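S.K.:
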Amino acid sequence: MKSMYDKARDYLGSAVLCLIEAIAKVEDVLNKAKITKLREDFFNNASADPDHIRELGKNVLKVMNAY
Numbered sequence: 006m007k008s009m010y011d012k013a014r015d016y017l018g019s020a021v022l023c024l025i026e027a028i029a030k031v032e033d034v035l036n037k038a039k040i041t042k043l044r045e046d047f048f049n050n051a052s053a054d055p056d057h058i059r060e061l062g063k064n065v066l067k068v069m070n071a072y
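Heads up: the sequence shown begins at 6 in the numbering used here, then just goes up one per residue.
(1) Check the C-beta distance from Asn-64 over to Leu-43 and give it rounded, since I have them as a contact under 8 angstroms.
(2) Consult DSSP for Glu-32 and reduce its assignment to one of helix, strand or coil.
(3) Determine the DSSP secondary structure at Lys-67, reduced to helix, strand or coil.
(4) I need the DSSP call for Lys-7, collapsed to helix, strand or coil.
(5) Rounded to the nearest angstrom, how far is the Cβ of Leu-66 from that of Leu-17, given a contact under 8 angstroms?
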């Protein structure tokens, strides 16, 4: 059974992948840079730090709300 942390990480992973797909279709260079940073933050995070995941989730929401 997955922990809440693992479930949250899976949801964030899906969100980041959706954002990557969306930004690939956008010509705005600034927004592409934001998505690239979010992607790097997500995939480079090897820790089990819930605060990092929470902060990453907030950043994903900020970018999603910008569209």
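Beta carbons are placed, not taken as given, at the ideal position from N, Cα and C, and that holds for glycine. From a predicted model like this one, the values you see are computed outputs, not experimental measurements.
M.R.: In brief:
(1) Residue mapping note: residue 64 aligns to position 59 of the sequence shown, counting from 1. Residue mapping note: residue 43 aligns to position 38 of the sequence shown, counting from 1. At roughly 6 angstroms, the Cβ-Cβ gap stays under 8 angstroms, so Asn-64 and Leu-43 are in contact.
(2) Taking the sequence shown and counting its residues from 1, the one referred to as residue 32 is at position 27. Coil.
(3) Taking the sequence shown and counting its residues from 1, one reaches residue 67 at position 62. Lys-67: helix per DSSP, three-state reduction.
(4) Sequence index remark: in the sequence shown, residue 7 carries index 2 (1-based). Of the three classes helix, strand and coil, the one that applies to Lys-7 here is coil, per DSSP.
(5) Within the sequence shown, numbered from 1, the residue matching residue 66 stands at position 61. Within the sequence shown, numbered from 1, the residue matching residue 17 stands at position 12. Leu-17 and Leu-66 do not touch by the CB rule: their CB atoms are close to 10 angstroms apart, not below 8 angstroms.
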